[in-house]
Every structure is written in C-alpha cells, then in structure tokens.
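Numbering (this note's numbering), first residue to last: 34 to 236.
Quick look at the structure:
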C-alpha cells in the first residue's frame with residue numbers, strides 16, 4: 034500500500050482487522066512518544082515497526098453545517114473512556130506491513146504475578162523492565178539484584194503460602210513459610226476499654 038499519514042491511516046482503519054503492524058516511512062517524533070509516558074526519552078524513526086492493538090476515541094470535533102462553527106468536546110465528556118496512547122496526529126507517514134511481518138514478535142510487559150499465572154509457558158526467560166521501589170520489607174541476599182535489565186530464568190510457581198509477621202518490641206519483620214516447623218504461643222488479648230471487650234465477645 035501507499036504510505037499514508039498516521040492520522041489518515043487511523044481514520045480509515047477498521048477496528049475488526051486489529052492488530053496491525055506498521056512501518057514508519059518518514060518522520061521523527063520526540064515529544065509525546067509512548068515511551069515518554071514512562072519517563073524515558075525515545076523517538077519513532079524511519080524503518081521502526083509499530084504494532085497497533087487498539088484505537089480509542091481521544092476527542093470529538095463537532096461542526097455546525099449551517100454556520101461552519103466547530104466545537105471540540107472536552108476530555109471530561111461522559112462517553113470518553115480512555116486516552117489514545119499514541120496521538121494519530123503524529124507528523125509521520127506509515128505503511129501497513131502486517132501480512133509480511135507475521136514472524137515479528139512484540140514484547141509484552143507483564144507483572145510478575147501475571148507471568149506466574151501463565152503456567153503453560155513456564156519455564157520462561159524474563160527481563161526486569163522496572164525494579165522494585167523503596168526498601169525491601171525483609172532482608173535477603175538476592176533482593177538487591179532485582180534491578181532493571183536483569184535477566185531471569187523462571188522455572189515454575191510455588192503455591193505455598195507465606196505470612197509476614199512483625200515483632201511487638203521492634204520494627205523487625207519475619208517472612209514465615211508454610212513449611213516452617215516452629216511453635217507459637219498465643220498471647221492474651223489486651224483491650225483498651227469495656228466497649229472494645231464487649232465488641233470482641235460478639236460472634
């Protein structure tokens with residue numbers, strides 16, 4: 034097909050044919066790129082492949098056919114559901130190369146919990162796109178190595194439950210596995226007042 038502007042292509046796109054794979058034919062776009070949303074600077078360069086998985090209404094411009102006056106509906110319009118991640122007004126030309134790019138695979142970011150739920154694809158190799166934030170809730174020799182760019186081999190998912198316990202006398206926390214064979218002694222419950230005691234006796 035002949036290259037079209039991104040806006041012309043999106044306007045003529047049949048959502049039933051999604052997903053589509055596009056090749057950037059011309060133009061370089063810096064501001065507002067999809068990677069800038071995550072705090073990373075990037076650009077769409079000539080030759081890059083782009084996978085369009087969905088098209089969502091961003092705004093509506095209404096025109097009075099008698100007066101020619103145009104009105105743009107605000108982003109808070111009640112039928113608006115979400116924002117288009119990549120504006121169709123990008124000043125780049127694109128070419129639909131879906132049919133000839135069947136062997137191209139696009140990486141799909143997943144949460145660790147989502148990946149562990151896909152037991153049919155395990156074992157699998159994964160790369161950390163975003164490391165944990167803040168201090169770890171428990172001491173571990175390997176937690177500090179979970180940084181962006183680190184590659185992992187995930188063999189499987191363990192269904193054993195764990196309990197996070199804290200000590201009353203200090204801020205220490207303990208991660209207890211279901212296989213822990215230690216013994217516990219239940220301390221008597223303390224009540225701040227008669228009303229709290231009465232509420233605790235209710236079934």
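The beta-carbon is built from N, C-alpha and C at its ideal position, and this holds for glycine as well.
Remember, it's a predicted structure, so these values are computed and weren't measured experimentally.
Please name the residue or residues paired with residue i in a DSSP beta bridge.
i	result
residue 195	210
residue 59	126
residue 83	55
residue 186	158
residue 21	Any property of residue 21 remains undetermined from this structure, which presents the chain solely from 34 to 236.
In angstroms with no decimal places, state the Cα-to-Cα distance between residue i and residue j.
i	j	result
residue 163	residue 144	10 Å
residue 112	residue 228	Residue placement at residue 112 is poorly supported in this model, since its pLDDT is 42, which falls under 50; the coordinates still yield a value, given next. Cα to Cα, residue 112 sits roughly 49 Å from residue 228.
residue 213	residue 187	24 Å
residue 95	residue 105	6 Å
residue 147	residue 194	17 Å
residue 92	residue 85	19 Å
residue 200	residue 218	13 Å
residue 180	residue 160	10 Å
residue 190	residue 158	14 Å
residue 102	residue 44	22 Å
residue 182	residue 131	29 Å
residue 42	residue 141	24 Å
residue 151	residue 222	42 Å
residue 136	residue 175	36 Å
residue 48	residue 87	7 Å
residue 54	residue 83	6 Å
residue 166	residue 178	13 Å
residue 211	residue 192	10 Å
Can you tell me where the alpha helix (DSSP H) holding residue i begins and where it ends?
i	result
residue 145	145-149
residue 160	Run containing residue 160: none in the alpha helix (DSSP H); it sits in the beta strand (DSSP E), 157-160.
residue 229	227-234
Just curious, the beta strand (DSSP E) that residue i is in, first and last residue?
i	result
residue 44	No beta strand (DSSP E) holds residue 44; the alpha helix (DSSP H) holding it covers 39-45.
residue 105	103-105
Should residue i be counted as a contact of the ligand GDP given a C-beta to heavy atom distance under 6 Å?
i	result
residue 153	With respect to small molecules bound, the structure shown includes none, and the ligand GDP cannot be examined in it.
Give every residue of the same chain whose Cβ lies closer than 7 Å to the Cβ of residue i, excluding the five residues on either side of it in the sequence, and list them in chain order.
i	result
residue 209	195, 196, 198
residue 207	198
residue 81	57
Establish whether the CB of residue i and some CB of chain C are separated by less than 7 Å.
i	result
residue 126	Among the chains in the structure shown there is no chain C, since it carries only a single protein chain.
Going along the chain, which residues of its own chain have a beta-carbon closer than 8 Å to the beta-carbon of residue i, five neighbours each way excluded?
i	result
residue 58	36, 79, 125, 126, 127, 128
residue 156	186, 187, 188, 189
Report all residues from its chain with a CB closer than 6 Å to the CB of residue i; omit the five preceding and five following residues, and keep chain order.
i	result
residue 122	40
residue 224	230
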